[in-house]
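Presented below is the structure to which this report refers.
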Amino acid sequence: GGSTSTKMMPSSSPEARIKHLHDQLKITADQEAQWKDVAQVMLDNASAIDSAVKDRVRMATGMTAIDDLKSYGAIVDAHADGIKKLAVVFAPLYSAMPEGQQKNADAVFGHRTEPAKLRTHG
Numbered sequence: 676g677g678s679t680s681t682k683m684m685p686s687s688s689p690e691a692r693i694k695h696l697h698d699q700l701k702i703t704a705d706q707e708a709q710w711k712d713v714a715q716v717m718l719d720n721a722s723a724i725d726s727a728v729k730d731r732v733r734m735a736t737g738m739t740a741i742d743d744l745k746s747y748g749a750i751v752d753a754h755a756d757g758i759k760k761l762a763v764v765f766a767p768l769y770s771a772m773p774e775g776q777q778k779n780a781d782a783v784f785g786h787r788t789e790p791a792k793l794r795t796h797g
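Numbered according to the numbering used here, the sequence shown terminates at residue 797, and the numbering increases by one at each position without gaps.
See below:
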C-alpha cells in the first residue's frame, strides 16, 4: 500500500494527474474514446512545458534580466497554448456529457483554472 497524500505533489506525473482528472470528471465507458484525445493533449502539454522549464534551468546561470523574461515567457506561452488546445479537444467530450456530468465538470475546472487572487471565500 503506502499512504497517498491528498495534496498534489509537484512530482506527480502527468499520467497521475490525467487519471485524477478522469476520476473527478467521472468519465464513462462511452466517453473513453473522446477522453483519449484529451489525455493525449494533456501529455503533449506537460512535455512542452517540461521542455521550456528545462531550458530555463539549463540557462539559469549567467541569464540577464532580458533572458530571464524571455525564458519565463516561453513557459507561460507553452502553458497558454496548452490550455487552448485542451479547450478544443475537451469541447466535444463536454457536449456529449449529460447535464449532471457537465455541472460536475464546471465545478472541477472552475476550481482548477481560477487564478488564486480571484477566489473569494465565504
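A virtual CB, placed ideally from N, CA and C, is assigned to each residue, including glycine.
An exposed status is given to residue 715, since fewer than 16 other beta-carbon atoms sit within 10 Å of its beta-carbon. Shortest Cα-Cα distance from residue 765 to any of 688, 696, 737 involves 696. Membership of residue 718 in the alpha helix (DSSP H) is indicated by the continuous run 707-734. In this structure, the straight-line span from the alpha carbon of residue 690 to that of residue 769 is close to 21 Å.
The three-state reading of DSSP puts residue 761 in helix, counting H, G and I together. In the DSSP annotation of this structure, the continuous segment of the alpha helix (DSSP H) that includes residue 689 starts and ends at 689-699.
About 40 Å separates the Cβ atoms of residue 730 and residue 704, ruling out a contact at the 8 Å cut-off. The C-alpha of residue 761 lies about 7 Å from the C-alpha of residue 717. Residue 709 is a Cβ neighbour of residue 767, given a cutoff of 9 Å. Ranking 747, 784, 739 by CA distance to the CA of residue 728 puts 747 first. At least 9 Å separates the beta-carbon of residue 706 from that of residue 783.
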